[in-house]
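Right, one structure below, let's go through it.
Number of protein chains: 2
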Amino acid sequence: MGDRSKARTTTTSRDVVIAELRQRILDLSIKPGSSVSENELANQLGVSRTPVRESLILLAGEGLIEIYPQVGTFVSRIDPAAVADAQFIREALETASLRELVATIDDGQIGTLRDILDQQQLAVRSQDVDRFFELDEQLHRTMMDLAGHDSAWTVVRSARAHLERARRASLPVADTLGRMLQQHTTIVDRLSSGSTDEAEKALRSHLREVFHDINEVKAQSPEYFANGRSRPTRRAHLS
Amino acid sequence: MGDRSKARTTTTSRDVVIAELRQRILDLSIKPGSSVSENELANQLGVSRTPVRESLILLAGEGLIEIYPQVGTFVSRIDPAAVADAQFIREALETASLRELVATIDDGQIGTLRDILDQQQLAVRSQDVDRFFELDEQLHRTMMDLAGHDSAWTVVRSARAHLERARRASLPVADTLGRMLQQHTTIVDRLSSGSTDEAEKALRSHLREVFHDINEVKAQSPEYFANGRSRPTRRAHLS
DNA sequence: GCACCAGTACTACCATACAAGTACGCTAGT
DNA sequence: ACTAGCGTACTTGTATGGTAGTACTGGTGC
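Those sequence lines, one after another, are chains Z and V.
Under the working numbering, the first residue of the first sequence is numbered 1, with each subsequent residue one higher.
Under the working numbering, the first residue of the second sequence is numbered 1001, with each subsequent residue one higher.
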């Protein structure tokens, strides 16, 4: 639910390729700035160029891929300006949802959110980073769902993609997950107590934490970032 | 400027097809719910099915098109839920931009906005509807530009597309344009006087006017709307 | 008259072949 | 040693043929 664009019932191989590519880009299996050739991907995935190509076009629409005709296709570098924009979009949509949610939320819904927090607690104890971020996405999405804006999540997810790449690359410091969980807890607490302004404030500062992570990544992996106006070179994919 | 996805310099025929299709969908040359076949479009536009197909996939990503594998491709009907979502997104992003803009705007920028208002005044006098809405887009976009969020405009434009189809279909009542202009003027006035909350209020109620137009269209052209969960029929394109 | 069933015509999906264009590397000339 | 220029190998763009699957239609049995 919540994805209005899912107008079909069957699964095409294009769908598979899109999911696979998005996954690889987000978890940095394919590094920002590296080239991705249609032929190469087609061979790897065992399909023809057509579905690969169509997937790349769609991902280019989301800004994760850049296509230069007759030159090559590249994974977008992390652009500080794009990151700032993505952050702005995410912040605007999530805080607006939150304000509406405060007025309508009931005890059962609060229970749903607290369940997610409990599971995050477990993930923190076992230091399961992947699980934690999976739950992070689930929490944020659920809050928008409950506010009745599940379809706006598509936009947030797209914006989030640009931010998430950076976050995943940052070394998870021991207490990072714990601090994030605490922030989540604060948000839900204020949400359940009906303090609109305070809840918004907590959410906003929580979302802005990502800038800290990004600067950290930029320090240790500057090649992931788009510093100049230059385009990646064709043989950038050689690792 | 303002379109980060424009990573290329050459113009491919896919670009042309995309622009043409988006235009036709927005101005209702192709009616909501009608089918668009790859073959048919390819013949009409004098290109092969490939660029047409790729364009349709991209537009499906924006929600303007729905593709059912092995069944057909259809122009999205106007979905009230989607409209509400689009409105929410637009409102959240534009008001957030406006609040930031109040703090940073200078006299020159205010002048730029007032120039647009003057041109709208002319459009109202000559009852040039197309020109008026062109300037409407320009005004809203410029405000986001000035706030430094030009790239978020891409999102707003996508959301706006769902709203705009309805608005274009509504009969332009004599004083509609005049009323909209007055609202624009109020927003810019409050923006220049630094009244953040009042400016936001004016913008918000201005944006919500679209619901009035949409209800009007729904009354006279209910077939444009997605009332049930049913999918359009294949021969829906017979006019 | 109505319901069911099979055939046909249409759809988008995928694979493949060809065309247009760019970048890189080698070679020849300076 | 260095630079200019050309050729090759690579890229994406476009065109087209065949395939799998669905919807509509006409006929048949009830």
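Don't be surprised by glycine CBs; every beta carbon is placed ideally from N, CA and C.
Worksheet item: Using a Cβ-Cβ cut-off of 7 Å (strictly less than) and excluding sequence neighbours within five positions of threonine 95 of chain Z, which residues of its own chain qualify?
Response: Glu200, Leu203, Arg204
Worksheet item: In chain Z, which residues lie less than 7 Å from glutamate 1054 of chain V when you measure between Cβ atoms?
Response: Glu54, Ile57
Worksheet item: Listing by chain order, which chain V residues have their CB less than 8 Å from the CB of aspartate 106 of chain Z?
Response: Per Cβ cutoff of 8 Å: no residues; aspartate 106 of chain Z is ~21 Å from chain V at best.
Worksheet item: So, using beta-carbon positions, are isoleucine 1089 of chain V and alanine 1161 of chain V closer together than 8 Å?
Response: no
Worksheet entry | CA nearest to the CA of arginine 1208 of chain V, picked from V:Glu1038, V:Gln1183, V:Leu1098 | V:Gln1183
Discussion item. Please confirm whether leucine 1093 of chain V has its beta-carbon closer than 8 Å to some beta-carbon of chain Z.
Written reply: yes
Worksheet entry | glutamate 66 of chain Z - containing beta strand (DSSP E), residue span | 65-68
Worksheet item: Out of curiosity, what's the CA-to-CA distance linking aspartate 1150 of chain V and glutamate 1223 of chain V?
Response: 35 Å
Worksheet entry | aspartate 1210 of chain V - DSSP class collapsed to helix/strand/coil | Position check: residue 1210 of chain V holds valine in this sequence, whereas aspartate was assumed. If DSSP states are grouped into helix, strand and coil, valine 1210 of chain V belongs with the helices.
Worksheet item: Leaving out the 5 sequence neighbours to the left and right, which residues in its chain are closer than 7 Å to aspartate 3 of chain Z when beta-carbon positions are compared?
Response: Caution applies to aspartate 3 of chain Z, whose pLDDT of 47 falls short of 50 and renders its modelled position unreliable; the value that the coordinates give is listed next. Excluding residues within five positions, the ones whose Cβ falls inside 7 Å are Thr154.
Worksheet item: Below 8 Å between beta carbons: does that hold for isoleucine 1025 of chain V and valine 1075 of chain V?
Response: yes
Item to complete: Verify whether the separation of the beta carbon atoms of leucine 135 of chain Z and alanine 123 of chain Z is less than 8 Å.
Response: yes
Practice prompt. For threonine 1241 of chain V, name the three-state secondary structure that DSSP assigns.
Written response: Any property of residue 1241 of chain V remains undetermined from this structure, which presents chain V solely from 1001 to 1239.
Worksheet entry | DSSP three-state assignment for valine 36 of chain Z, whether helix, strand or coil | coil
Worksheet item: Can a CB atom of chain V be found closer than 8 Å to the CB of alanine 166 of chain Z?
Response: no
Fill in: Which of helix, strand or coil DSSP assigns to isoleucine 1025 of chain V
helix
Practice prompt. Flag aspartate 197 of chain Z as yes if its beta-carbon sits less than 8 Å from any beta-carbon of chain V, otherwise no.
Written response: no
Discussion item. Buried or exposed, going by whether 16 or more other CB atoms sit within 10 Å of the CB of alanine 1152 of chain V?
Written reply: buried
Worksheet entry | Interface residues of the region 1138-1150 of chain V facing chain Z [CB-CB below 8 Å] | His1149
Worksheet item: What is the DSSP secondary structure of glycine 1148 of chain V, reduced to helix, strand or coil?
Response: coil
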